[in-house]
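Chains as they are written, first to last, in this note's numbering: chain E, 3 to 319; chain V, 3 to 319; chain Y, 3 to 319; chain H, 3 to 319.
We treat Cβ as the ideally placed atom computed from N, Cα and C, and that holds for glycine.
4 protein chains.
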Amino acid sequence: MGADHIRTIASSVPSARVSAVYDFNRDTAYAAASPVGADVVGSAEALIESSSVDAIIIASPDRTHAELVRTCLAAGKHVLCEKPLAVTADEAYGVVEAEVVGGRRLLQVGFMRRYDPGFVALRRTITDGTVGDVRLVHAIHRNASSSTSTDDAGLITGSMIHELDTIPWLLDDEIVGIRVESPVVDGFRDPQLATIWTRGGVMVTAEVFVNAGYGYDVRCEVVGSRGTASLVPSEQVSTRVAGVDGVPVRDDFVAHFADAYRIELSTWAGEALTGDTTGPSAWDGYVANAVAEAGVASLASGVREAVSLREKPAFYA
Amino acid sequence: MGADHIRTIASSVPSARVSAVYDFNRDTAYAAASPVGADVVGSAEALIESSSVDAIIIASPDRTHAELVRTCLAAGKHVLCEKPLAVTADEAYGVVEAEVVGGRRLLQVGFMRRYDPGFVALRRTITDGTVGDVRLVHAIHRNASSSTSTDDAGLITGSMIHELDTIPWLLDDEIVGIRVESPVVDGFRDPQLATIWTRGGVMVTAEVFVNAGYGYDVRCEVVGSRGTASLVPSEQVSTRVAGVDGVPVRDDFVAHFADAYRIELSTWAGEALTGDTTGPSAWDGYVANAVAEAGVASLASGVREAVSLREKPAFYA
Amino acid sequence: MGADHIRTIASSVPSARVSAVYDFNRDTAYAAASPVGADVVGSAEALIESSSVDAIIIASPDRTHAELVRTCLAAGKHVLCEKPLAVTADEAYGVVEAEVVGGRRLLQVGFMRRYDPGFVALRRTITDGTVGDVRLVHAIHRNASSSTSTDDAGLITGSMIHELDTIPWLLDDEIVGIRVESPVVDGFRDPQLATIWTRGGVMVTAEVFVNAGYGYDVRCEVVGSRGTASLVPSEQVSTRVAGVDGVPVRDDFVAHFADAYRIELSTWAGEALTGDTTGPSAWDGYVANAVAEAGVASLASGVREAVSLREKPAFYA
Amino acid sequence: MGADHIRTIASSVPSARVSAVYDFNRDTAYAAASPVGADVVGSAEALIESSSVDAIIIASPDRTHAELVRTCLAAGKHVLCEKPLAVTADEAYGVVEAEVVGGRRLLQVGFMRRYDPGFVALRRTITDGTVGDVRLVHAIHRNASSSTSTDDAGLITGSMIHELDTIPWLLDDEIVGIRVESPVVDGFRDPQLATIWTRGGVMVTAEVFVNAGYGYDVRCEVVGSRGTASLVPSEQVSTRVAGVDGVPVRDDFVAHFADAYRIELSTWAGEALTGDTTGPSAWDGYVANAVAEAGVASLASGVREAVSLREKPAFYA
């Protein structure tokens, strides 16, 4: 993911330049840095504190996210951290507190769907009244196979977390309850089916299936009092060959969301220059973690779990 | 519905002839009977017992179904009864017992989707292995507005009952649990969202929304270990006019399922002549009523309700 | 085709009964006649003149059509003749003259597309003003492979003839010129591309490709001053499997046009009973043959050929 | 178009910086230059010769293209010129000769479709063998209404010229003949229907309709011996509202081809830095102009016109 971001910045984001790269594996770091003329530095801390670095992207293992973000905040630098912000809600709340203490919005969490032209257009059908009052949302999130989300909780914290952030943003609403169930009763519970309730009275079904076999597939239908709106798959060419009229479904979420990543990085870099970050905040990252925790609890308890959040700092109002 | 069936038989079912019609409203009866040269008779009983009538179609108000079916069974005549078979599971079980006593399969319940070319093709993707082992089914059932399903229980017994019969037939499986919830908390709870569990370990989401505004819409996606299969809307012509590329969505379930009704009636009439009815049975009608009752209970209790069935007579094995 | 018609009548056309069958091959005749309880007779003439036969369907080799139709007309019986009506326009005009002499419209030519729900809905977008004034039509007609249309002229007279009848009917207009070209210059010229002009000022492109490889495919787009309308493929189920989201394209025009054949036969049988045939007439059959001849001439000459028709008898006004 | 290119470079092309702008209308120049911090200069010549300018984009009126390009070539600077390269083939050939004399490939013509992900994917279905040997191509190019292509020749030279360049690129082939016809016989002949022949034996139909009413629409189907491939419209969200299931069709070719323009500019800027331009060449621009001239001649003559090209300089081999 880090290498992808480097390529995207170099090819498509004029307002940023990749100046330094750190990776635990030095060869990986050189492979990513060389084509764009960036330096390789010896540690994450050295990179964060380097005077030639204005802003940092974190695409390291999930468990290192919160600590690295705090180091960036302490250094007073803008940071874009891949989701999830942390591995627990408590840890994420620690980041929220650290940012509030610093007094500046320096962190953006990498929920790139908020920049995807499809999700943005879907959101517009709600805000412009096309679908009327929203009653239901049906979300689907499938991978052909997953090497990263490989246990019950990981599927929620690593994959479903995209839906957990998308829903409040799409509806301009807040998740108050979640229930997660699975038809699979032994071993890795995949697919999982979440039912989500919002404060505004919308119910959401979200299927996450990380070994769906046929390809990467993200769908979303919003059902309102006047009508519905749905994401349309974005393949460019259909073929009719050997008795089938079809379009390809590839297993590549980076390609699927290429526009989203490009716009995310371009917007973030532009805003970091002027100091006004408007993207998914530390608070949003904490909320997603908190909802994910309620989801993990529900998968174990078998019942709907309420989402209880700590107090929201006025800073994020 | 009765008038539609009369027209379909007259125009498309060579093996049957409409010979007599009864309706509580005599004018309605004449309007339906005249174009096809049928007699109008003075009572349902007279029609059922008429020597010129071999088989009966019941499309009367729901609360009269069970009693009329029993009269047909007592007369030893084939009968196609519109869904639901009864207004309670107990009442439906009474019909089951009556048919078992009679010793012949004379009743078919009007679950016409089993004859719909779309649902039949969808079922084939399961039986031929295309989608692999089924994990989930997502069903959607919407009307623009409904005059018949107008209260919480009626939505389940009158509309969702189609899904409650379709699922076991589609999966060749049995429903063991159901939970029904709604985002609407005051007044008529529409839409409703059912989660259904089968004995074979499949989970089903079923949205029923009888005031969806935009039109009649029935969708179904089967999600398996190898892939998915979905019903495709069946409009014949798309237009690109005034900035929209679209197809019409009409609010007319009779037109939507015209092929299903024609094939249902044609198959039923043919089988009634030879005595071997293979369509949805009294037992299937009872099961759908029993699952619907569990659904109504769940909507009140807020939790998953088990479906408990009486013993299945060997007669239906 | 004859066996298909027999099955369709027996299963779906209450107003007709198949009473007698003739085929050059006696075994073929028995195989078709037995399941529906029809007699097998010894000659086409015997069948046509049988007092137990009210109306005849001709699905014999093309070169026999005109003569058999004339025998039916001489016997004063309704006849539905598969397309083409004749192998030359002159021969077809002989049928027109014979029908005019008889003084009754007894012949319908089997241009079943006029009864296809898709083409009927497409025509409605013209007559109801949806697309505005028609400027262009783009028609496509493909088979996976063809055993019947196997030479240059046969492709036009046997396959493209459907478009040659569909266009005037769709537009309520008359074809005045046609040019047929092919990218293939040696051997069997397939695909062929026709450009067609109507008296009302519409231009039509029609591709016919009888060895298209991938399946049977009929498409049509009408382009008007306000918008366009297109046939939508009618598959009922889409699948997402192994990296492809698609619908099947089968090579079976009988299945593709099953509804059209059923409605054609049902309408024809009903009208034959009352004497008022309103389907494609002898004149329509002659016109299609005349346009096809101009098309064959154009393929040889390389230029647009005018369609010159004999005088239209007032009888067909 | 110039202002759009400036915005695209500033937002998405890191390898280029907009340093100077010239427009006949000084206010227009300032409006475009100010947001990106570029200077406004007093003449095209001053801009071209400025030592702070490495490469030039020409988006001026068509009749000025060739002369401005020659000035750029004389100055030894890279230039991207919007289509068409010139208003006559002779004039375009003058540019070819000038570039050959200069001995360096400095010119790229703005045929942005070659960079469109859809057209690139369509081309891949040919080069990777998916569709087999190509027999036919059906191209459609519609605008809701056009203010720029307003006469017979202008429709060909201004709009259809995109197809005239796309076809040879798509097929890796050469156009040898063209015929252009229209159903409109008086006034502005719109739509126009071109039939195009390639040296490799492919026939192409191309409809261009610049007052199609309903929106901007570019379609293309490639028909081969094994199957077909088609561009898929790229809308992101479909809605079902008020009886219609549809996607929007907007009248905005810049939005439609936003990715194509971005990739075109990014690729051109990157190649200009290293000196190796691989995009549509002066020769390609001349060829498109020559085919367009044959098309204009055909619209007048009513017959197929051969495309006769001057000798191709070895420089472009």
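Cut-off 6 Å between Cβ atoms - residues of its own chain near residue i, not counting five sequence neighbours on either side
i        : result
Y:Glu223 : His140, Thr230 and Ser232
E:Ile59  : His7 and Leu82
E:Ala68  : Ala88, Glu93 and Val97
H:Arg65  : Val89
Three-state secondary structure (DSSP) of residue i
i        : result
Y:Gly156 : helix
V:Pro122 : In the sequence under discussion, the amino acid at residue 122 of chain V is Val, which differs from the Pro named in the question. Reduced to three states, the DSSP call for V:Val122 is helix.
H:Phe113 : coil
E:Met205 : strand
H:Val246 : strand
V:Thr73  : helix
Y:Val38  : helix
E:Glu266 : helix
V:Arg312 : coil
H:Ala68  : helix
Y:Ala319 : coil
V:Glu176 : coil
E:Ala18  : coil
H:Glu307 : strand
V:Arg137 : strand
Y:Ala61  : coil
H:Ile82  : First, the amino acid is wrong: residue 82 of chain H is Leu here, not Ile. Reduced to three states, the DSSP call for H:Leu82 is strand.
H:Val98  : helix
Interface residues of chain E facing residue i [CB-CB closer than 7 Å]
i       : result
H:Ala22 : Under the 7 Å cutoff, chain E gives no residues; its nearest Cβ is about 17 Å from H:Ala22.
Per-residue contacts from residue i into chain E (C-beta, under 8 Å)
i        : result
Y:Arg242 : Tyr216, Gly217, Asp219 and Val251
DSSP bridge partner residues for residue i (one or two, in chain order)
i        : result
E:Gln194 : E:Val210
H:Thr230 : E:Arg242 and H:Val225
E:Arg329 : With chain E covering only 3 through 319, there is no way to say anything about residue 329 of chain E.
H:Val182 : H:Ala196
V:Val23  : V:Val42
Within chain Y, the residues that residue i reaches when beta carbons sit closer than 7 Å
i        : result
E:Val212 : None at all; the shortest Cβ gap to chain Y is about 16 Å.
Interface residues of chain V facing residue i [CB-CB closer than 8 Å]
i        : result
Y:Gly229 : Thr241, Arg242, Val243 and Ala244
Y:His12  : Strictly speaking, residue 12 of chain Y in this sequence is Ala, with His absent from that position. What Y:Ala12 touches in chain V: Pro16.
Closer than 9 Å to chain A by CB, residue i
i       : result
V:Leu49 : Chain labels in this structure do not include chain A; the protein chains are E, V, Y and H.
Chain Y residues whose Cβ lies nearer than 9 Å to that of residue i
i        : result
H:Thr329 : Residue 329 of chain H falls outside the range modelled here, since chain H spans only 3 to 319, and no answer is possible.
H:Gly203 : Pro185, Val186 and Val187
H:Val225 : Ile142, Arg144, Pro193, Glu209, Phe211 and Ala214
V:Leu124 : Gln238 and Val239
V:Ser232 : Val239, Ser240, Thr241 and Arg242
Per-residue contacts from residue i into chain Y (C-beta, under 8 Å)
i        : result
V:Thr152 : By Cβ distance, chain Y contributes nothing, its closest Cβ being about 31 Å from V:Thr152, past 8 Å.
H:Arg137 : Pro185, Val186, Pro193 and Phe211
Residues that residue i contacts on chain V, provided the C-beta gap is smaller than 7 Å
i        : result
Y:Thr127 : Val239 and Thr241
Cβ shell of residue i (< 7 Å), same chain only, five flanking positions each side left out
i        : result
E:Tyr318 : Ser283 and Trp285
Y:Gly202 : Leu173 and Asp175
V:Ile50  : Ile58, Thr73, Cys74, Ala77 and Lys79
H:Asn27  : none
9 Å Cβ cut-off: residues of chain H touching residue i
i        : result
V:Pro235 : Asp247
Same chain, Cβ closer than 8 Å to residue i, neighbours up to 5 away in sequence not counted
i       : result
E:Glu47 : Thr73
Within chain H, the residues that residue i reaches when beta carbons sit closer than 7 Å
i        : result
Y:Gly120 : Under the 7 Å cutoff, chain H gives no residues; its nearest Cβ is about 17 Å from Y:Gly120.
Practice problem: Flag this pair as touching only if the region 130-149 of chain H and the region 100-107 of chain H have three or more C-beta atom pairs under 8 Å; answer yes or no. | Solution: no
Exercise. Say whether the region 253-269 of chain H touches the region 8-15 of chain H, bearing in mind that this needs 3 or more beta-carbon pairs closer than 8 Å, one atom from each stretch.
Key: yes
Quiz item: Between the region 114-121 of chain E and the region 253-267 of chain E, do three or more beta carbon pairs fall short of 8 Å?
Solution: yes
Exercise. Assess, as a yes-or-no matter, whether the region 240-249 of chain V is touched by the region 237-252 of chain Y under the definition of 3 or more beta carbon pairs within less than 8 Å.
Key: no
Quiz item: Counting pairs of beta carbons, one from the region 157-173 of chain H and one from the region 208-217 of chain H, are three or more of them closer than 8 Å?
Solution: yes
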